[in-house]
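S.K.: Protein chains in written order, with this note's numbering: chain A, 1 to 305; chain B, 1001 to 1102.
#1: Give a yes or no on whether the C-beta atoms belonging to residue 77 of chain A and residue 153 of chain A are separated by under 8 Å.
#2: Around the Cβ of residue 172 of chain A, are there at least 16 other Cβ atoms within 10 angstroms (buried) or fewer (exposed)?
#3: So, under 8 Å CB-CB, residue 206 of chain A and residue 176 of chain A are touching, yes? Tell me the CB distance rounded to an integer number of Å.
#4: What is the DSSP secondary structure of residue 43 of chain A, counted as helix, strand or coil?
#5: For residue 1 of chain A, which residues in the same chain have their Cβ closer than 6 Å to its Cβ, ignoring the five residues on either side in sequence?
#6: Which of helix, strand or coil does DSSP assign to residue 61 of chain A?
#7: Roughly how many angstroms separate the alpha carbons of residue 180 of chain A and residue 116 of chain A, rounded to a whole number?
#8: Quick one: grab the DSSP three-state call for residue 182 of chain A.
#9: Per the DSSP calculation, residue 1081 of chain B is bridged to which residue(s)?
#10: Is residue 1 of chain A helix, strand or coil by DSSP?
#11: What separation, rounded to the nearest whole angstrom, lies between the Cα atoms of residue 12 of chain A and residue 23 of chain A?
#12: State yes or no: is the C-beta of residue 63 of chain A within less than 8 Å of the C-beta of residue 26 of chain A?
#13: Strictly by DSSP, which residues pair up with residue 1075 of chain B?
#14: Take residue 296 of chain A as the anchor and find which of A:254, A:261 and A:213 has the nearest alpha-carbon.
#15: Should residue 19 of chain A be labelled buried (16 or more other beta-carbon atoms within 10 Å of its own) or exposed?
#16: Between residue 1026 of chain B and chain A, is any beta-carbon pair separated by less than 8 Å?
#17: Curious, which full-length beta strand (DSSP E) runs of at least 3 residues does the segment 95 to 164 of chain A contain?
#18: Between residue 143 of chain A and residue 79 of chain A, what straight-line distance do the alpha-carbon atoms span, to the nearest angstrom?
#19: Where does residue 1056 of chain B land, buried or exposed, given buried means 16+ other C-beta within 10 angstroms?
#20: Taking 8 Å as the threshold, find out whether the segment 1025 to 1040 of chain B comes into contact with the segment 51 to 61 of chain A through three or more Cβ pairs.
#21: Taking contact to mean 3 or more Cβ pairs, one atom from each stretch, closer than 8 Å, check whether the segment 1082 to 1097 of chain B and the segment 1013 to 1033 of chain B are in contact.
#22: Please state the DSSP three-state secondary structure of residue 242 of chain A.
#23: Inspect the beta-carbon positions of residue 110 of chain A and residue 170 of chain A and report whether they are closer than 8 Å.
#24: What does a CB cutoff of less than 6 Å around residue 242 of chain A pick up in its chain, not counting 5 residues either side in sequence?
#25: Could you list which residues in chain A have their beta carbon closer than 7 Å to that of residue 1100 of chain B, in chain order?
#26: Of the choices A:97, A:150 and A:155, whose alpha-carbon is the least far from that of residue 134 of chain A?
#27: Check residue 1096 of chain B in the structure and name its three-state DSSP category.
#28: Taking C-beta pairs closer than 9 Å, name the residues in chain B that residue 306 of chain A reaches, listed in chain order.
#29: Just to make sure I have the definition right: I need the residues of chain B whose C-beta is within less than 7 Å of the C-beta of residue 16 of chain A. Which are they?
#30: Tell me whether the segment 1005 to 1014 of chain B and the segment 1066 to 1081 of chain B touch, counting them as touching only if at least three CB pairs, one residue from each stretch, are closer than 8 Å.
#31: In three-state terms, what does DSSP make of residue 187 of chain A?
#32: Once DSSP output is grouped into helix, strand and coil, what is the label at residue 305 of chain A?
#33: What are the residues of the segment 47 to 81 of chain A that lie near chain B, defined by any Cβ-Cβ distance shorter than 7 Å?
#34: So is residue 1003 of chain B buried or exposed if we call it buried at 16+ other beta carbons inside 10 Å?
#35: Residue 37 of chain A CB to nearest chain B CB: under 8 Å?
#36: Could you tell me the alpha carbon to alpha carbon distance between residue 1053 of chain B and residue 1030 of chain B, rounded to whole angstroms?
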């Protein structure tokens, strides 16, 4: 169905959802559910005179990762910002619920979304809630759910909420994780509070390096499909059990984080308190230097979530 | 939205046996092309859904050019357009036809 590309050379950020899936899994192992030929398209977009996509902006199916069976979903960030519509959400929820029976080694969610698709807002919001519930059920059944974030749309809105329910997250420098996006914050609070055109501010507040340093993401990957593949394999084996002890540890971790950094005005202040020697150097760090920095920060790695 | 359908007969069937392929993404200035090997080897049908009205004759010319140049026999081609220019459409059609040759 898709052109096969070299995983070492293929940029995660630039690749389409289909290219990511094809290059991420073991070669030729992907089997798609509700593929484009089935034309499961949005019933709403035509009412707004907007074009539809044959897969409604999400590719779901199963395949193998290093020989192990996995379920996989990949959002297409370039179709309507990867936003959750009714069909889009139903495909993800269906994949997760099917994983309860299939019991794969992991469910992988390749996020690339601005959140709910506004033209089908109620259905999209419902899909977010159903997805979070389904992830909790899948994790409860002992199957880790791994989120991978490195697309141009990041993981925003409901996508940020869903990411927070995953067992483990891997992020690249270009990946962003948040709930309210930069423009939303600026619209509500003013440009003096948050200037959405200040790219450096946006990335040090929501970008991959910040999320990794504070333990919001559990792995940092270079912007290639093979780097995300290696990160995912490591995270599957490192996923914590989903039990009361893990949830209590997560609550404690988050409370401690608020107490420790709640008065910071900028991410660089947080990095300094975490013990980063030269916080201003973080955005320009190479992957190797950044990995060494993360290894010295105790809070960056934890058993919670 | 505007829906267009063009039916052609051709003497050059699409080689290979790939049953279906998809290329491109529905985004501004881009389009997705779904190709399915479901027609008789001398037939090619192209359907287009586009939010940009009034360019039927341009689409007709691009599709006719594609069928005249490429091995497109046997293919039903379905396009979701995001406002792509004719050169992008021609490129995607050629990419799609190549994917079907595997």
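For glycine and all other residues, C-beta sits at the position ideal for the given N, C-alpha and C.
Keep in mind that this is a model prediction, so the values were computed, not measured.
M.R.: In this structure, then:
#1: In this structure, residue 77 of chain A sits near residue 153 of chain A, with a CB-CB distance shorter than 8 Å.
#2: Around the C-beta of residue 172 of chain A, 16 or more other C-beta atoms lie within 10 Å, and the residue is accordingly described as buried.
#3: Right, their Cβ atoms sit about 4 Å apart.
#4: It is coil, neither helix nor strand.
#5: Only weak support exists for where residue 1 of chain A lies, its pLDDT of 46 falling under 50; the coordinates are left without a value.
#6: Strand at residue 61 of chain A.
#7: The straight-line gap from Cα to Cα measures roughly 12 Å.
#8: Residue 182 of chain A falls in the helix class under three-state DSSP.
#9: Secondary-structure assignment with DSSP links residue 1081 of chain B through a beta bridge to B:1031.
#10: With a pLDDT of 46 at residue 1 of chain A, under the threshold of 50, the modelled position of this residue cannot be trusted; read the value that follows with caution. Reduced to three states, the DSSP call for residue 1 of chain A is coil.
#11: The alpha-carbon atoms of residue 12 of chain A and residue 23 of chain A are separated by roughly 10 Å.
#12: A contact, by the Cβ cut-off of 8 Å.
#13: Assignment of beta-bridge partners to residue 1075 of chain B by DSSP yields B:1037.
#14: The shortest Cα separation from residue 296 of chain A among A:254, A:261 and A:213 belongs to A:213.
#15: Result: buried.
#16: Closer than 8 Å: yes.
#17: Taken in chain order, the complete beta strand (DSSP E) segments of 3 or more residues contained in the segment 95 to 164 of chain A are 106 to 111 and 145 to 149.
#18: A direct Cα-to-Cα measurement between residue 143 of chain A and residue 79 of chain A gives close to 29 Å.
#19: Exposed, because fewer than 16 other Cβ atoms sit within 10 Å of the Cβ of residue 1056 of chain B.
#20: The segment 1025 to 1040 of chain B and the segment 51 to 61 of chain A touch, with no fewer than 3 CB-CB distances between them shorter than 8 Å.
#21: Counting Cβ pairs under 8 Å, three or more are found: they touch.
#22: Assigned with DSSP and collapsed to three states, residue 242 of chain A falls in coil, not helix or strand.
#23: Taking 8 Å as the Cβ cut-off, residue 110 of chain A and residue 170 of chain A do not qualify as a contacting pair.
#24: Contacts found: 139 and 140.
#25: Among the residues of chain A, none has a CB under 7 Å from the CB of residue 1100 of chain B; the nearest is roughly 11 Å distant.
#26: Of the candidates A:97, A:150 and A:155, A:97 places its Cα closest to the Cα of residue 134 of chain A.
#27: Helix at residue 1096 of chain B.
#28: Absent from the model: residue 306 of chain A. The displayed extent of chain A is 1 to 305, so no value can be given.
#29: Those are 1025, listed as they occur along chain B.
#30: The segment 1005 to 1014 of chain B is in contact with the segment 1066 to 1081 of chain B.
#31: In the structure shown, residue 187 of chain A adopts helical secondary structure according to DSSP, grouped into three states.
#32: Residue 305 of chain A: coil per DSSP, three-state reduction.
#33: Along the segment 47 to 81 of chain A, the positions whose C-beta sits under 7 Å from a C-beta of chain B are 49, 50, 51, 52, 53, 54, 76, 78 and 79, read in chain order.
#34: That one is exposed.
#35: It does; some Cβ of chain B falls within 8 Å.
#36: Approximately 16 Å, taken between the alpha carbons.
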